[in-house]
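Note sheet for the following structure.
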Amino acid sequence: MPKNLFPLDNTKKFTDQLHVGHNRWHPDIPPVVSVNPGDVFRVDCREWFDGAIKNDDSADDVRNAPLPGVHVLSGPIRVEGAAPGDLLVVDILEIDACDQEDEGPFSGMGWGYTGVFAKSNGGGFL
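Just so we're aligned, residue 277 is where the sequence shown starts under my numbering, counting upward by one.
What follows is the structure, given as structure tokens:
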């Protein structure tokens with residue numbers, strides 16, 4: 277398995293991780309890790325609600341999801357030798373679900389979720 281450059285602990289919020297990441301694309305946000313062209317590596321990512329949606333057989337957490345929040349992003353990742361404006365080819369070799377956990381906020385959630393929000397909470401499909 278490739279080296280994980282951005283590991284995440286599913287029992288912690290994104291802001292409590294070893295690498296915190298960012299919430300927008302901006303040139304002033306410094307990279308948290310660097311790679312060389314051709315490197316193969318792994319990056320863990322969080323879902324938009326950062327653990328607010330639980331596997332607890334209740335729809336209340338979906339209805340009350342923190343919609344004003346911003347999706348947290350893993351990275352930024354610097355590619356050594358790349359300059360602003362360069363076109364980079366990134367091959368995604370595999371997308372995999374998070375590990376199944378027996379306890380904690382993501383227990384039993386090896387793969388995401390789907391929800392339909394009430395109009396009173398922004399409406400729409402997740």
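Cβ coordinates follow ideal geometry from the N, Cα and C atoms, glycine included.
Asked	Found
Where Arg-322 falls, given that 16 or more other Cβ within 10 Å makes a residue buried	buried
Nearest residue (CA-CA) to Val-308, options Asp-372, Asn-280 and Asp-337	Asn-280
Rounded separation between Pro-313 and Ser-334 - CA only	45 angstroms
7 angstroms Cβ shell around Val-355 - same chain, five flanking residues per side excluded	Val-311, Pro-313 and Leu-364
Ile-329 burial status per 10 Å Cβ neighbour count (16 or more: buried)	buried
Nonlocal neighbours in the same chain, by C-beta distance under 6 angstroms from Asp-320, ignoring five residues either side	Phe-282, Pro-283 and Leu-284
Same chain, Cβ closer than 8 angstroms to Asp-337, neighbours up to 5 away in sequence not counted	Ala-328, Ile-329 and Lys-330
Run of the beta strand (DSSP E) containing Arg-339, from where it starts to where it stops	No beta strand (DSSP E) contains Arg-339, which is instead part of the alpha helix (DSSP H) from 336-339.
Residues near Trp-324 by beta carbon distance below 7 angstroms, same chain, minus five either side	His-347
C-alpha gap between Thr-287 and Leu-294, whole angstroms	13 angstroms
Beta bridge counterpart(s) of Ser-236 as assigned by DSSP	Residue 236 falls outside the range modelled here, since the chain spans only 277 to 402, and no answer is possible.
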